[in-house]
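Participant: Under the numbering used here, the first residue of the sequence shown carries the number 3, and numbering increases by one thereafter.
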Amino acid sequence: MIGAATARLLLQCSLAMGSCILLLAAVCAVFPGEWYIFIHRLLGLDEFPNQPVAWYLARSASALYAFHGVLVGAIAWRPERAPWLVVALGLGNIVFGLSMIAIDISAGMPWWWTLGEGPGIAGFGFVLLVLEYLTRQGESPS
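1) Might you give, ordered along the chain, the residues of its own chain that have their beta carbon closer than 8 Å to the beta carbon of Glu82, omitting 5 neighbours on each side?
2) Can you tell me which of the three DSSP states Ile4 falls into?
3) At which residues does the alpha helix (DSSP H) containing Asp106 begin and terminate?
4) How would you label Gly127, buried or exposed, when you count the other beta carbons within 10 angstroms and need 16 or more for buried?
5) Around the Cβ of Leu133, are there at least 16 other Cβ atoms within 10 angstroms (buried) or fewer (exposed)?
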């Protein structure tokens, strides 16, 4: 079993890494349209639908992931100040990850996409919950 101090450090590192990964989505929010089309084909997803709603959803989803990264980064700064936020983030990621698995399957996404997205998000949430729990185990009762 790891100590509370180690768990806290791992929690901060996990949050910071998660934040950095999520912030990469900001680049996708401002991609030129041709890049979306190219990447869509490269991934074997046929033609990118050239419709306003498709462009809106692609860019706004990327922006939302990046915004989420900002919030995760803010929590990473001092997770001990708001442990309830870490728990909420962990539970939220588990629910969101499971939802993404269902969405990916119903949307007909490739198996590798489904396995890479939803379980990773849910796993991140689980790691946060475990590390938050281990961090609290080292606290002395008040």
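Every residue, glycine too, gets a C-beta built ideally from N, C-alpha and C.
Facilitator: Judging by the given coordinates:
1) Taken in chain order, the residues that qualify are Arg10 and Thr137.
2) If DSSP states are grouped into helix, strand and coil, Ile4 belongs with coil.
3) DSSP places Asp106 inside the alpha helix (DSSP H), whose first and last residues are Pro85 to Ala109.
4) Buried, by the Cβ-count rule.
5) Leu133 comes out buried.
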